[in-house]
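Engineer: Below is a structure I'd like to ask you about.
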Amino acid sequence: MEIIHTPVMLNESLEYLNIKPGDRIVDCTIGEGGHSVEILKRIGEKGLLIGIDKDEDALSRARNRLSLIGSNFVLVHDTFANLSNILENLFVKRVSGIIADLGISSLQLYKAERGFSFMKDGPLDMRMDRKADITASTLVNSLAESELADVIYYYGEEHLARRIAKAIVVYRKKKRIETTSELAHIVESVYKRRGRINPATKTFQALRIAVNNELKDLEKFLKEAPLFLNKGSRIVVISYHSLEDRIVKRAFINNSVLKRVNKKVIIPGRDEVKANPRARSAKMRVAEKL
Ligand SMILES: C[S@@+](CC[C@H](N)C(=O)[O-])C[C@H]1O[C@@H](n2cnc3c(N)ncnc32)[C@H](O)[C@@H]1O
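The sequence shown begins at 0 in numbering that gives the first Met the number 0 and counts up by one.
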């Protein structure tokens with residue numbers, strides 16, 4: 000069965016971006032193009048869509064979908080943390096809107112070989128950019144116990160981080176940890192009781208953040224992005240866990256060139272969550288260039 004990523008808060012994000020024909024919009028996490036397909040329709044033939052993703056598979060899928068609608072788009076394989084360089088290389092000084100829909104897509108999550116999911120057995124990879132050097136396996140097999148514990152504690156907000164790190168180190172003395180199932184079992188062995196969420200959830204989140212440098216990339220991006228917006232243009236960011244949301248909130252509050260459009264975070268409606276459970280943790284924040 001073909002996996003398709005359902006765009007989260009599509010209507011809300013398009014409404015807040017306030018797109019007009021001829022606009023230049025940057026989709027910093029184009030994924031499968033769920034948001035961008037609609038953006039491309041709205042900017043019309045005279046507009047320009049710039050799509051960025053760390054994942055080359057996502058870019059090629061987005062290209063196929065966008066090509067059915069128009070040709071006025073440019074796709075860039077890079078991290079959005081390099082937004083200034085990306086726009087400079089394209090000779091673009093200002094844009095009319097920026098969107099970032101953080102995290103990973105369904106395509107990445109549900110493909111066992113990408114190693115993001117504890118529900119599917121696969122290589123312990125977790126790289127969004129498959130050309131990057133460091134995988135989750137590299138980290139769990141090489142970090143010192145205290146470093147591992149810190150990663151799991153800070154990026155996973157996992158209160159059993161020290162015990163999980165210890166269990167990882169005991170295991171890897173016997174055998175290198177190569178698969179998602181191995182790691183999931185190690186984490187499960189530390190938990191005495193199973194709750195509603197899988198015990199491996201937080202450890203997997205932590206390693207994914209570390210492998211992909213997610214929080215540092217986000218901070219750099221949020222510093223650079225507002226500089227490229229036209230006056231009155233907006234930046235829309237959708238995040239999926241509290242660490243990201245906190246960074247976005249702080250960046251929008253403490254900003255001399257932005258004003259927050261929504262003081263209260265925007266969350267998906269009940270119907271959307273029912274139709275797409277992956278949307279349940281989504282939080283959207285919007286700011287406007289002064
Ligand atoms: C939630 S998906 C986006 C889905 C897209 N909005 C759609 O509806 O099809 C997030 C995408 O962002 C990409 N990504 C995450 N962090 C990134 C970064 N720092 N730079 C570029 N792309 C990134 C991931 O590879 C993934 O394809």
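Virtual Cβ for every residue (Gly too), placed ideally from N, Cα, C.
Would the region 273 to 286 and the region 3 to 23 be scored as touching if the rule is three or more Cβ pairs under 8 Å?
Structural biologist: Judged by Cβ distances under 8 Å, the region 273 to 286 makes contact with the region 3 to 23, as three or more pairs qualify.
Engineer: From Ser255, Asn229, Lys263, Leu228, pick the residue whose C-alpha is nearest to that of Arg245; which is it?
Structural biologist: Of the listed residues, the one whose Cα sits closest to Arg245 is Lys263.
Engineer: Quick check on the DSSP output: the alpha helix (DSSP H) that includes Gly231 runs from which residue to which?
Structural biologist: Gly231 -> not in any alpha helix (DSSP H); beta strand (DSSP E) instead, spanning 228 to 238.
Engineer: Span of the alpha helix (DSSP H) holding Glu37?
Structural biologist: Its alpha helix (DSSP H) spans residues 33 to 42.
Engineer: Just how far apart, CA to CA, sit Tyr15 and Arg233?
Structural biologist: Each residue's alpha carbon lies about 7 Å from the other.
Engineer: Flag Asp54 as yes when its Cβ comes closer than 7 Å to any non-hydrogen atom of ligand 1, and as no otherwise.
Structural biologist: Yes, since a heavy atom of ligand 1 falls inside the 7 Å radius drawn around the Cβ of Asp54.
Engineer: Can you check whether the CB of Ile38 is closer than 8 Å to the CB of Ile49?
Structural biologist: Cβ distance not < 8 Å, so Ile49 and Ile38 don't count as in contact.
Engineer: To which residues does DSSP link Phe72 through a beta bridge?
Structural biologist: Bridge partners of Phe72: Leu48.
Engineer: Do the region 115 to 134 and the region 176 to 194 make contact, defined as three or more Cβ pairs closer than 8 Å?
Structural biologist: Yes, since at least three Cβ pairs between the region 115 to 134 and the region 176 to 194 fall closer than 8 Å, the two stretches touch.
Engineer: Which residue comes first and which comes last in the alpha helix (DSSP H) that contains Arg64?
Structural biologist: Per DSSP, Arg64 belongs to the alpha helix (DSSP H) from 55 to 66.
Engineer: Out of Asp149, Gly194, Glu243, Thr200, which has the shortest C-alpha to C-alpha gap to Lys119?
Structural biologist: The shortest Cα separation from Lys119 among Asp149, Gly194, Glu243, Thr200 belongs to Thr200.
Engineer: Do Asp128 and Lys53 have their CB atoms nearer than 8 Å?
Structural biologist: The answer is yes: Cβ separation under 8 Å.
Engineer: Tell me, please, which residues DSSP counts as bridged to Glu287.
Structural biologist: Beta-bridge pairing links Glu287 to Arg233, Lys258.
Engineer: Got a sec: does ligand 1 put a non-hydrogen atom nearer than 7 Å to the Cβ of Ser104?
Structural biologist: Ser104: yes, Cβ under 7 Å from ligand 1.
Engineer: Would you identify the three-state DSSP class for Ile18, choosing helix, strand or coil?
Structural biologist: The answer is coil: DSSP assigns Ile18 none of H, G, I, E or B.
Engineer: Let me confirm a value: Glu271 is counted as buried when at least 16 other C-beta atoms fall within 10 Å, else exposed. Which label applies?
Structural biologist: Result: buried.
Engineer: With 16 as the cutoff for other CB atoms within 10 Å, does Ala143 come out buried or exposed?
Structural biologist: Ala143 comes out exposed.
Engineer: I need the DSSP call for Gly155, collapsed to helix, strand or coil.
Structural biologist: Gly155 falls in the helix class under three-state DSSP.
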